[in-house]
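Residue numbers for the sequence shown follow my numbering, so the first one is 1 and each next one is one higher.
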Amino acid sequence: MVITKRSRFSTLLIVSFFIYADIICENILVIVNDQQSRIIATTFLFGFLALQVFFSSIQSGLSDFLGRKKSLILSFSVSLFCLLCAFLYTHYYFLSGLFLIFSLAGKALWGNTIPISFAAIADTQGKNYRKSFALASSTYSLAFTTLILIHLFSSNNVLYISISSIILFISLFLCIHTFQDSSDKSAHLPYYTARTHYSESSQHIFSKFWRLGTREIGLLMQELRRPLTKYGLAAYLFWEISMYSIIISQIDLNPGPSQNITLAMMIGYLMGICILQIRPCHKIRDRHMIVIGYCFSFFSLLPYFFLAPFIHSELWLIGICYALHAIGNAFLSPTLLSILAKRRSTHDQGKILGLVESADTTAFLVASIFVMIYTDYQWSVSALVVFSLISFSISWIYLPIIRTLDKKHLQIK
């Protein structure tokens, strides 16, 4: 299949919309879950995140064999079912807990659209990974801005669910009728693997899926033993904890100072994405761009410690520091995705990008636990910034290893 520059860009826009739709859906399910008591809501949220950590990489890895299009259609269908369960939860209280469990569990198990979408981008964008991943990741900021705008008009859960359902239906339609992926036309497993695990002698569907799943877990464990994968995911985990700790602590859909800090971070991230699209940035190698991102993110937080003692209101200072921190993160995330993806052949990206999504979810989980402790003990905001800086500083340990391994890969090529 010949892929022109125009068709690549069209595919990038379509798949980015898929990511946008999934972020909206996930956040709305979390918003609906938050309507419960704190203990139950926290238990359900942590259970949802724990399942997602494990199954998102498996589902994404399976898309290497099943094809991106089929996997995306399944994911969108499951997500729509989860929204239906969330709607029933808001109307039928006698089975409310069961409906919510179905909703969150289904999304965590088979509704992981984001890693499959990033894998589809890696399949179709040639070797221009960093630019493509950067544009796609900008949908995170756009999705949360959408949620804030919706909340300005209404905080009704039914409205949230309805809008998300419409967006998902549009995504499903685009996936079926517009999205084209050559990986759906052939399997990409080695012959002996296909013969061993997918032979026609297998009579039971459950047995086939069990073998497929256990095989995928084995492949994921092999992937995790690769040095660059191991150290790259560790670095990604710690710098995402740094970002999520401030986002979760300040996140609030209602207008106010907390929302302003969150919006400042999203604006900063979008600015970083725009900078990456400038032509001179395309000539900077990944191992150099990741150093720029590290320096930008680290030194952006230091002014807080020098200026905070002399300022009465810290919110605007935090907003500026973390807007700059988000610019650095916009350099880091797409660059690391590029470093990891370019080492793999086309249609073999699902496993590694699924592991990245699992690391991202783990970071969200760890940051959530810290923010709960921070809130319960009513620590000052400086404790939050210190934790964020320490977490990011730990990730710096892995920087020279990542750069060395990336340089060796280029020399081998």
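C-beta: ideal position from N, C-alpha, C; glycine also.
Local conformation of residue i per DSSP, three classes
i, result
"ILE311", "coil"
"VAL366", "helix"
"HIS502", "Outside the modelled stretch of the chain, which goes from 1 to 413, sits residue 502, for which no answer is possible."
"MET1", "Any reading at MET1 must be qualified, since the residue scores a pLDDT of 47, below 50, and its modelled position is unreliable; no value is offered."
"THR43", "helix"
"GLY67", "coil"
"ILE278", "coil"
"GLN222", "helix"
"ASP34", "coil"
"LYS283", "coil"
"TRP379", "coil"
"GLN125", "coil"
"GLN250", "helix"
"SER393", "helix"
"PHE9", "helix"
"GLY111", "coil"
Residue burial classification, residue i (beta-carbon count within 10 angstroms, cutoff 16)
i, result
"ILE347", "Position check: residue 347 holds His in this sequence, whereas Ile was assumed. Looking at its Cβ environment, which holds 16 or more other Cβ atoms inside 10 Å, HIS347 is buried."
"ARG279", "exposed"
"ASP181", "buried"
"LEU228", "buried"
"LEU149", "exposed"
"ALA55", "Just to set this straight, residue 55 is Phe in the shown sequence, not Ala. Looking at its Cβ environment, which holds 16 or more other Cβ atoms inside 10 Å, PHE55 is buried."
"ILE58", "buried"
"TRP473", "Not covered by the structure: residue 473. The range shown for the chain is 1 to 413."
"PHE118", "buried"
"ASP123", "buried"
"ARG225", "exposed"
"GLY97", "exposed"
"TYR374", "buried"
"PRO190", "The predicted position of PRO190 is uncertain, since its pLDDT is 44 and thus under 50; a value taken from the coordinates is nonetheless stated next. Result: exposed."
Option nearest residue i by Cα separation, candidates the options
i, options, result
"THR145", "GLU240, MET265 and ARG38", "MET265"
"SER75", "PHE48, PHE87, LEU88 and CYS25", "CYS25"
"ASN128", "LEU340, SER388, GLY111 and ASP22", "LEU340"
"TYR304", "ILE292, LEU317 and GLY293", "LEU317"
"ARG130", "PHE238, PRO334 and SER10", "PRO334"
"ASP34", "ILE390, SER155 and ALA143", "SER155"
"ARG285", "PHE54, LYS407 and SER37", "LYS407"
"ILE39", "ILE369, GLN378 and LEU384", "ILE369"
"HIS325", "LEU355, TYR244, GLY350 and GLY354", "TYR244"
"ILE101", "ALA363, ASN260, VAL30 and PHE392", "VAL30"
"LEU142", "PHE46, ALA21, ASP64 and LEU224", "ALA21"
"MET372", "THR178, LEU45 and ALA120", "LEU45"
"THR178", "PHE387, ILE327, LYS69 and VAL366", "LYS69"
"VAL381", "SER10, ILE176, ALA308 and ASN260", "ALA308"
"CYS321", "TYR269, ASN157, ARG211 and ILE114", "TYR269"
"ALA120", "ILE19, ILE267, ARG343 and TYR377", "ILE19"
"GLY213", "ALA50, SER37, LEU174 and PHE65", "PHE65"
"PHE17", "ILE114, VAL291 and ALA323", "ILE114"
"GLU357", "VAL386, ILE14 and ILE23", "ILE23"
"ASN157", "ILE275, HIS91 and LEU302", "HIS91"
Residues near residue i by beta carbon distance below 6 Å, same chain, minus five either side
i, result
"ILE273", "ALA134, SER138 and ALA330"
"SER249", "VAL371 and LEU384"
"MET271", "ILE327"
Spatial neighbours of residue i in its chain, beta-carbon cut-off 7 Å, leaving aside the 5 residues before and after
i, result
"LEU88", "PHE99"
"GLN125", "ARG8, LEU12 and SER132"
"SER165", "LEU80 and LEU83"
"ILE161", "ILE28, LEU83, ALA86 and PHE87"
"GLY111", "SER75, VAL78, SER79 and CYS82"
"HIS447", "Only positions 1 to 413 of the chain appear in this structure, which leaves residue 447 out of reach."
"GLU447", "This structure gives no information on residue 447, because the portion of the chain shown stretches from 1 to 413."
"VAL366", "ILE241"
"LEU237", "ALA359, THR362 and ALA363"
"ARG287", "ARG403, ASP406 and LYS407"
Sequence-distant residues of the same chain with beta carbon closer than 8 Å to residue i, five excluded per side
i, result
"GLY61", "GLU216, LEU219, LEU220, GLY350, LYS351 and GLY354"
"LEU405", "PRO227, LEU228 and TYR231"
Counting pairs of beta carbons, one from the segment 388-403 and one from the segment 228-241, are three or more of them closer than 8 Å? yes
For the structure I just gave you, are there three or more beta carbon pairs, one from the segment 100-117 and one from the segment 282-298, closer than 8 Å? no
Tell me whether the segment 309-316 and the segment 170-178 touch, counting them as touching only if at least three CB pairs, one residue from each stretch, are closer than 8 Å. As far as the Cβ criterion goes, the segment 309-316 does not touch the segment 170-178, which means the pair count is below three.
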